[in-house]
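Chemist:
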């Protein structure tokens with residue numbers, strides 16, 4: 039372990055112990071370095087790394103603070119990491135989505151409110167209206183799924199799926215452009231999900247979501263170039 043890693047761990051220990059709770063302001067650099075027995079250079083490097091990890095945030099002219107440490111903050115970097123992945127990892131991401139999204143949809147069926155169901159329905163209606171505009175259709179597609187997962191009330195799950203879906207969204211756009219029947223199938227699959235949510239049927243909602251994710255995954259497996267060329 040490098041000296042910088044050790045410095046990072048020392049600050050993390052303060053956060054884990056509650057000595058520096060979410061939203062707390064860090065002591066001045068020189069003071070904190072002395073308290074932890076670190077050089078100021080090491081302290082700066084540790085702080086920079088923790089800022090990149092969204093554990094700390096620098097407020098210009100004010101100081102350095104611990105973030106909220108909420109899942110939407112700490113896990114929000116998943117999308118940025120996903121965007122750097124290449125080739126066959128697109129299929130791996132789709133597999134991860136297949137593992138998570140159907141279960142999340144089933145959970146949403148047991149928790150969704152009337153207001154949340156209405157929001158899901160509005161995105162479905164918008165998808166129908168945009169059936170001839172592939173990019174707009176897919177934007178509402180993403181919003182539909184975002185609204186469904188939000189209904190679980192699980193911020194960590196919502197953040198993870200949002201990060202994963204950022205890249206698969208582009209794959210769905212390509213699928214829509216290349217396959218003239220994609221809009222009809224997409225609308226039918228989303229209607230099935232909505233109907234299951236409206237019935238508060240968790241098993242049916244999970245099954246409908248699984249069918250939908252499998253459609254995308256199957257298409258990608260059939261069309262992804264074996265040499266690992268990008269599908270998006």
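Numbering (our numbering), first residue to last: 39 to 270. Positions of the beta carbon are idealized from the N, C-alpha and C atoms, including for glycine.
(1) With respect to the beta strand (DSSP E) encompassing residue 96, which residues constitute its N-terminal and C-terminal limits?
(2) Can you tell me which of 230, 128 and 77 puts its alpha carbon nearest to the alpha carbon of residue 256?
(3) Counting only the same chain and skipping the five closest in sequence on each side, list residues whose C-beta sits under 8 Å from that of residue 149.
(4) With a 10 Å radius around its C-beta and 16 neighbouring C-beta atoms as the bar for buried, classify residue 214 as buried or exposed.
(5) What do you get for residue 176, buried or exposed, if any count of 16 or more other CB atoms within 10 angstroms of its CB means buried?
(6) Quick one: complete alpha helix (DSSP H) runs, 4+ long, within the stretch 70-146?
(7) Roughly how many whole angstroms lie between the Cα atoms of residue 96 and residue 102?
(8) Considering only the beta carbon of each residue, do residue 221 and residue 234 sit closer than 7 Å?
(9) Where do the N-terminal and C-terminal ends of the alpha helix (DSSP H) with residue 42 fall, by residue?
(10) Could you name the residues of the same chain whose beta carbon sits closer than 7 Å to that of residue 61, not counting the 5 residues immediately before and after it, in chain order?
(11) Between residue 185 and residue 154, how many whole angstroms is the CB-CB distance? I'm expecting something under 8 Å.
(12) In terms of residues, what are the limits of the alpha helix (DSSP H) holding residue 167?
(13) With residue 146 and residue 239 assumed to form a contact (beta carbons below 8 Å), what rounded beta-carbon distance in angstroms separates them?
(14) Taking the beta carbon of residue 68 as the centre, do at least 16 other beta carbons fall within 10 Å, making it buried, or is it exposed?
(15) Report buried or exposed for residue 241, applying the criterion of at least 16 other Cβ atoms within 10 angstroms of its Cβ.
(16) Hey, would you say residue 84 sits closer than 7 Å to residue 46, going by beta carbons?
(17) Does the beta-carbon distance from residue 232 to residue 162 come in below 7 Å?
(18) If you follow the alpha helix (DSSP H) that residue 190 is in, where does it begin and where does it stop?
(19) Beta-carbon within less than 8 Å of residue 50's beta-carbon, same chain only, minus the 5 sequence neighbours each way: which residues are those?
(20) How many Å lie between residue 219 and residue 99 at the Cα?
(21) Starting from the C-beta of residue 48, find all residues in its chain whose C-beta is less than 6 Å away, skip the five residues before and the five after it, and write them out in chain order.
Modeler: If we stick to the structure as given:
(1) 94-97
(2) 128
(3) 189, 190 and 191
(4) Under this definition residue 214 is a buried residue.
(5) buried
(6) 78-90, 109-112 and 116-120
(7) 4 Å
(8) Cβ atoms of residue 221 and residue 234: not closer than 7 Å.
(9) 41-55
(10) Non-local beta-carbon contacts of residue 61 in its own chain, meaning distances under 7 Å to residues more than five positions away in sequence, involve 103, 104 and 106 in chain order.
(11) 7 Å
(12) 152-167
(13) No, residue 146 and residue 239 are not in contact; Cβ-Cβ is about 11 Å, not under 8 Å.
(14) exposed
(15) If you draw a 10 Å sphere on the C-beta of residue 241, you find fewer than 16 other C-beta atoms in it, and that means exposed.
(16) yes
(17) yes
(18) Note, residue 190: premise wrong, no alpha helix (DSSP H); not H, not E.
(19) Once the five neighbours on either side are set aside, the close Cβ partners of residue 50 are 88 and 93.
(20) 56 Å
(21) Cβ within range, chain order: 74.
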